[in-house]
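Novice: Numbering follows my numbering, in which position 218 of the sequence shown is assigned residue number 218; successive positions increment by one, without gaps. Quick one: this structure, given as structure tokens, is what I'll be asking you about.
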Amino acid sequence: MGVTVERPAWAGSDIDLSRPSAARVYDVHLGGAHNFQVDREAAQRIAEVMPGLPQILRANRAFLRRAVRYLTGLGITQFLDLGSGIPTVGNVHEVAWSANPDCRIVYVDVDAVAVAHSRAILSESDNATAVHGDLRRPQEILDNPETQRMLDFSRPVGVLMFAVLHFVPDSDDPAGIIRQYVDAVVPGSHVAISHASLDGEADRAEEATEQFRNRVTDFSMRTRAEITDLFTGLELVDPGVVYLTEWRPDAGDEDCDGKQTSTFAGVARKPD
Ligand SMILES: C[S@@+](CC[C@H](N)C(=O)[O-])C[C@H]1O[C@@H](n2cnc3c(N)ncnc32)[C@H](O)[C@@H]1O
Numbered sequence: 001m002g003v004t005v006e007r008p009a010w011a012g013s014d015i016d017l018s019r020p021s022a023a024r025v026y027d028v029h030l031g032g033a034h035n036f037q038v039d040r041e042a043a044q045r046i047a048e049v050m051p052g053l054p055q056i057l058r059a060n061r062a063f064l065r066r067a068v069r070y071l072t073g074l075g076i077t078q079f080l081d082l083g084s085g086i087p088t089v090g091n092v093h094e095v096a097w098s099a100n101p102d103c104r105i106v107y108v109d110v111d112a113v114a115v116a117h118s119r120a121i122l123s124e125s126d127n128a129t130a131v132h133g134d135l136r137r138p139q140e141i142l143d144n145p146e147t148q149r150m151l152d153f154s155r156p157v158g159v160l161m162f163a164v165l166h167f168v169p170d171s172d173d174p175a176g177i178i179r180q181y182v183d184a185v186v187p188g189s190h191v192a193i194s195h196a197s198l199d200g201e202a203d204r205a206e207e208a209t210e211q212f213r214n215r216v217t218d219f220s221m222r223t224r225a226e227i228t229d230l231f232t233g234l235e236l237v238d239p240g241v242v243y244l245t246e247w248r249p250d251a252g253d254e255d256c257d258g259k260q261t262s263t264f265a266g267v268a269r270k271p272d
């Protein structure tokens, strides 16, 4: 007998409540409220084989904060956040606006819940918007009227891909996808990436990969060298591709062994 799930107001009729989604499973791990029983069950299975996951996700959000702050420090005021997820505390627009309230942000996610919720919290804002789209189709994202309305492609853009490229298998050519975004932005633009990796705890990461694949979606952990290759043609800023917690840490950040985050991070500049 099927279980009837009550549909909350923020979940439109196009949202499938019977299957877990990567965005909502992530929301479970961050302690958010925008998820369903199927997502909580999938999250629990994943946490059983990867108990450090909540800490990894917090470290990822801390990297997001430092990277966006670094970019606003360079004078970048426009952000294209690909695979932005369900908004939780410390979103890109909050970090960017705390540096410069004129920053403009386009959130992009393939998950309808993430987009619906982003639109709800951004409804009062003229400087940020959310686009429902698949980052694997760069031209559609770049040509989207909302993207075009919000971003001025004659000025530098921060292209953000936090914790999302591991959902893009090699068969979809992640490097080629990144290149299309890089080709669309002017020199001085930057690309910021965080990416799950096998280089940390290989056995458990492999198990978690299987859990994710079986229960939620495709998942491709990559080595540090493979993640570094994603920045080909760009100039990596110091300290290069390092574990999440090693990328320009702040004094007050959670103290954990970077290797335990099983996630690499880097920021690179499009050269002149
Ligand atoms: C782990 S969350 C990361 C959220 C946020 N970037 C962060 O780092 O906190 C990954 C997000 O990427 C989205 N995603 C996965 N594949 C995608 C694709 N092909 N295009 C756009 N979004 C995608 C998922 O729906 C999910 O919301």
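The beta-carbon is built from N, C-alpha and C at its ideal position, and this holds for glycine as well. Computed from a predicted structure; not experimentally measured.
Out of curiosity, what's the CA-to-CA distance linking ASN60 and VAL106?
Specialist: Distance between the alpha carbons of ASN60 and VAL106 is about 20 Å.
Novice: Do THR88 and LEU30 count as a contact pair if the criterion is CB distance below 9 Å?
Specialist: In this structure, THR88 lies closer than 9 Å to LEU30 by Cβ.
Novice: Nearer than 8 Å: is that true of the beta carbon of ARG222 relative to any heavy atom of ligand 1?
Specialist: Not so, every heavy atom of ligand 1 lies at least 8 Å from the Cβ.
Novice: If we count the other Cβ atoms within 10 Å of its Cβ and call it buried at 16 or more, is VAL186 buried or exposed?
Specialist: It counts as exposed.
Novice: Can you tell me whether TYR243 sits near ligand 1, meaning its C-beta is under 8 Å from at least one heavy atom of the ligand?
Specialist: No.
Novice: Which word fits GLY233, buried or exposed, when buried means at least 16 other C-beta atoms lie within 10 angstroms of its C-beta?
Specialist: Counting Cβ neighbours within 10 Å, GLY233 comes out exposed, since fewer than 16 surround it.
Novice: Between VAL110 and ASP257, what straight-line distance do the alpha-carbon atoms span, to the nearest angstrom?
Specialist: Using only the alpha carbons, I get a separation of about 32 Å.
Novice: Counting only runs of 3+ residues fully inside the stretch 85-119, write out the beta strand (DSSP E) ranges in chain order.
Specialist: The stretch 85-119 contains these whole beta strand (DSSP E) runs: 104-109.
Novice: Which word fits GLY275, buried or exposed, when buried means at least 16 other C-beta atoms lie within 10 angstroms of its C-beta?
Specialist: Nothing in the structure corresponds to residue 275, since the chain is present only between 1 and 272.
Novice: Could you check the C-alpha separation between ARG155 and THR147 for me, to the nearest Å?
Specialist: Cα to Cα, ARG155 sits roughly 14 Å from THR147.
Novice: If you draw a straight line from the alpha carbon of SER125 to that of SER98, how long is it in whole angstroms?
Specialist: Roughly 15 Å between the two C-alpha positions.
Novice: Compare the Cα-Cα distances from LEU53 to each of THR263, VAL267, ARG269 and ALA268 and report the closest residue.
Specialist: With distances taken between Cα atoms, LEU53 lies closest to THR263.
Novice: Unbroken alpha helix (DSSP H) runs of length 4 or more, entirely within the stretch 148-183: which are they?
Specialist: With a minimum length of 4 residues, no continuous alpha helix (DSSP H) run stays inside the stretch 148-183.
Novice: Just list the residues that DSSP pairs HIS195 with in beta bridges.
Specialist: Its beta-bridge partners are PHE264.
Novice: By the DSSP assignment, the beta strand (DSSP E) with ASP81 in it spans what residues?
Specialist: 78-82 is the extent of the beta strand (DSSP E) around ASP81.
Novice: Do GLY12 and ALA112 have their CB atoms nearer than 9 Å?
Specialist: Yes.
Novice: Can you have a look at ASP229 and say buried or exposed, based on whether 16 or more other CB atoms are within 10 angstroms of its CB?
Specialist: ASP229 is exposed by the Cβ-count criterion.
Novice: Measuring only from the beta carbon, is ASN60 closer than 8 Å to any heavy atom that is part of ligand 1?
Specialist: ASN60 Cβ: within cutoff of ligand 1.
Novice: Have a look at ASP244 and PHE63 and give me their C-alpha separation to the nearest angstrom.
Specialist: A small correction: the amino acid at residue 244 is Leu; Asp does not occupy that position in the sequence shown. Cα to Cα, LEU244 sits roughly 6 Å from PHE63.
Novice: So is ARG91 buried or exposed if we call it buried at 16+ other beta carbons inside 10 Å?
Specialist: Checking the displayed sequence, the identity of residue 91 turns out to be Asn instead of Arg. ASN91 should be labelled buried.
Novice: At the level of alpha carbons, what is the spacing between ASN35 and ARG7?
Specialist: ASN35 and ARG7: Cα-Cα distance of roughly 11 Å.
Novice: Identify which residue in ALA96, LEU80, ALA120 and ARG222 has its Cα closest to the Cα of VAL108.
Specialist: Comparing Cα-Cα distances from VAL108 to each of ALA96, LEU80, ALA120 and ARG222, the minimum goes to LEU80.
Novice: Of all the options LEU142, ALA196 and ASP199, which has the alpha carbon lying nearest to the alpha carbon of ILE178?
Specialist: The option with the nearest alpha carbon to ILE178 is LEU142.
Novice: Can you tell me where the beta strand (DSSP E) holding HIS132 begins and where it ends?
Specialist: HIS132 -> beta strand (DSSP E) spans 128-132.
Novice: For ARG104 versus MET150, is the C-beta spacing smaller than 9 Å?
Specialist: Yes, they are a contact pair.
Novice: Please indicate yes or no: does the CB of LEU135 lie closer than 8 Å to some heavy atom of ligand 1?
Specialist: Answer for LEU135: yes, Cβ within range of ligand 1.
Novice: Give the DSSP bridge partners of VAL242, in chain order.
Specialist: The partner list for VAL242 (beta bridge, DSSP) reads ALA265.
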